[in-house]
Amino acid sequence: MAFSSRLLSKSKQFCGSQITFQQTHAIPARCFAKQADRPVLKGDEMLKGIFLEVKNKFEAAMGILRKEKITIDPEDPAAVAQYAKVMKTVREKADLFSESQRIQFTIQSRTQDIPDARSYLLTLKEIRIKRGLTDELGAEAMMFDALEKVEKELKKPLMRNDKKGMAVLMAEFDKINKKLGIRKEDLPKYEEQLELKIAKAQLEELKKDTLEAMETQKKREEFKDEQMVDPKSLDIRNFI
1 MAFSSRLLSK
11 SKQFCGSQIT
21 FQQTHAIPAR
31 CFAKQADRPV
41 LKGDEMLKGI
51 FLEVKNKFEA
61 AMGILRKEKI
71 TIDPEDPAAV
81 AQYAKVMKTV
91 REKADLFSES
101 QRIQFTIQSR
111 TQDIPDARSY
121 LLTLKEIRIK
131 RGLTDELGAE
141 AMMFDALEKV
151 EKELKKPLMR
161 NDKKGMAVLM
171 AEFDKINKKL
181 GIRKEDLPKY
191 EEQLELKIAK
201 AQLEELKKDT
211 LEAMETQKKR
221 EEFKDEQMVD
231 PKSLDIRNFI
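Letter by letter, the sequence shown follows residues 1 to 240 in our numbering.
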């Protein structure tokens, strides 16, 4: 039970230091209609609804984790792939976001009311930094350069409701993607790579926690052994 809970906890964490900004930013938008279609509740009904939903999701996830065999070996590609598969099943059964979906949702919620393209890109940069994502290919700087080029041609800031100007910017972004070798048809592959990297990072944390727990237990047992005294070694004179 405790081990399964720890696995579920680790599945909610995100280690992004090894993940490129291009992979996460290239993931297409998801539909989040389930959240939008929920009825409006008030007071105790809302709290009860939230509690019940969290409880059901947790039980669904725990049920899967109790049945699945997980090998904590981050250096074994097969173990990493199996762990990623298990966590994907957990997310699907418990109706949870994947890490890529969570990032996309963050982008959507943070940028939906931003009117201009420059503030939009700056917000993306802020999200990337806060989530620990790296821009190993330098796509971010290239995107800002493309925006600078378009705004110079327009001789004004590019607004997101400017369909013509945005079309020009998107064409520039397409050029960047082509230069970097990022293709739309490869997006599922990028997402899979992202999930595998996350799975490996989570297994590394689990291995570390497991080894620490084992070491702590070993020290406790050694301490107990030291406290136990052999009666034959006692000198009765010490008690007189």
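Yeah, the Cβ is synthetic: ideal placement off N, Cα and C, and Gly gets one too.
Residue environment, residue i, which counts as buried when at least 16 other CB atoms sit within 10 Å
{"i": "Gly165", "result": "buried"}
{"i": "Glu136", "result": "exposed"}
{"i": "Ala36", "result": "Residue placement at Ala36 is flagged as unreliable, the pLDDT there being 43, under the threshold of 50; the coordinate-derived value follows with that caveat. With fewer than 16 Cβ atoms within 10 Å of its Cβ, Ala36 is classed as exposed."}
{"i": "Glu221", "result": "exposed"}
{"i": "Ser109", "result": "exposed"}
{"i": "Glu195", "result": "buried"}
{"i": "Ala94", "result": "buried"}
{"i": "Glu45", "result": "exposed"}
{"i": "Glu59", "result": "exposed"}
Contact belief for residue i with residue j at Cβ below 8 Å, rounded distance in angstroms
{"i": "Leu187", "j": "Leu169", "result": "20 Å between Cβ atoms; not a contact."}
Contact check, residue i vs residue j, beta carbons under 8 Å
{"i": "Phe144", "j": "Leu121", "result": "yes"}
{"i": "Thr123", "j": "Thr134", "result": "no"}
{"i": "Val180", "j": "Ala139", "result": "The question names Val, but residue 180 in the sequence shown is Leu. Their beta carbons are under 8 Å apart, which means Leu180 touches Ala139 by this criterion."}
{"i": "Ala146", "j": "Ile114", "result": "no"}
{"i": "Pro74", "j": "Leu203", "result": "yes"}
Rounded C-alpha distance that separates residue i from residue j
{"i": "Lys156", "j": "Ala171", "result": "18 Å"}
{"i": "Arg6", "j": "Glu68", "result": "Only weak support is given to the placement of Arg6: the predicted model assigns it a pLDDT of 46, under 50, and the value that follows is read from those uncertain coordinates. If you take the alpha carbons of Arg6 and Glu68, they lie about 14 Å apart."}
{"i": "Gly132", "j": "Lys224", "result": "43 Å"}
{"i": "Ser100", "j": "Ile127", "result": "13 Å"}
{"i": "Val80", "j": "Ile72", "result": "8 Å"}
{"i": "Ala213", "j": "Leu206", "result": "10 Å"}
{"i": "Lys163", "j": "Ala117", "result": "12 Å"}
{"i": "Ile107", "j": "Lys130", "result": "12 Å"}
{"i": "Ser98", "j": "Lys88", "result": "8 Å"}
{"i": "Val150", "j": "Arg91", "result": "41 Å"}
{"i": "Lys152", "j": "Lys208", "result": "52 Å"}
{"i": "Leu211", "j": "Lys219", "result": "12 Å"}
{"i": "Arg160", "j": "Ser119", "result": "10 Å"}
{"i": "Lys55", "j": "Glu191", "result": "28 Å"}
{"i": "Ile103", "j": "Gln193", "result": "15 Å"}
{"i": "Asp174", "j": "Leu52", "result": "45 Å"}
{"i": "Ala29", "j": "Lys189", "result": "Any answer about Ala29 is weak, because its pLDDT of 33 lies below 50 and its placement is not dependable; what the coordinates show is given next. The straight-line gap from Cα to Cα measures roughly 16 Å."}
{"i": "Gly247", "j": "Gln217", "result": "Here the chain covers residues 1 to 240 and nothing more, so residue 247 does not appear."}
{"i": "Glu148", "j": "Arg183", "result": "24 Å"}
{"i": "Lys125", "j": "Ala167", "result": "21 Å"}
{"i": "Leu96", "j": "Leu47", "result": "19 Å"}
{"i": "Met62", "j": "Glu185", "result": "34 Å"}
{"i": "Ile70", "j": "Leu154", "result": "56 Å"}
{"i": "Lys178", "j": "Arg66", "result": "45 Å"}
Worksheet entry | At least 3 beta-carbon pairs within less than 8 Å: the region 198-209 vs the region 81-90 | By the Cβ criterion, the region 198-209 is in contact with the region 81-90, since at least three pairs of Cβ atoms, one from each stretch, lie closer than 8 Å.
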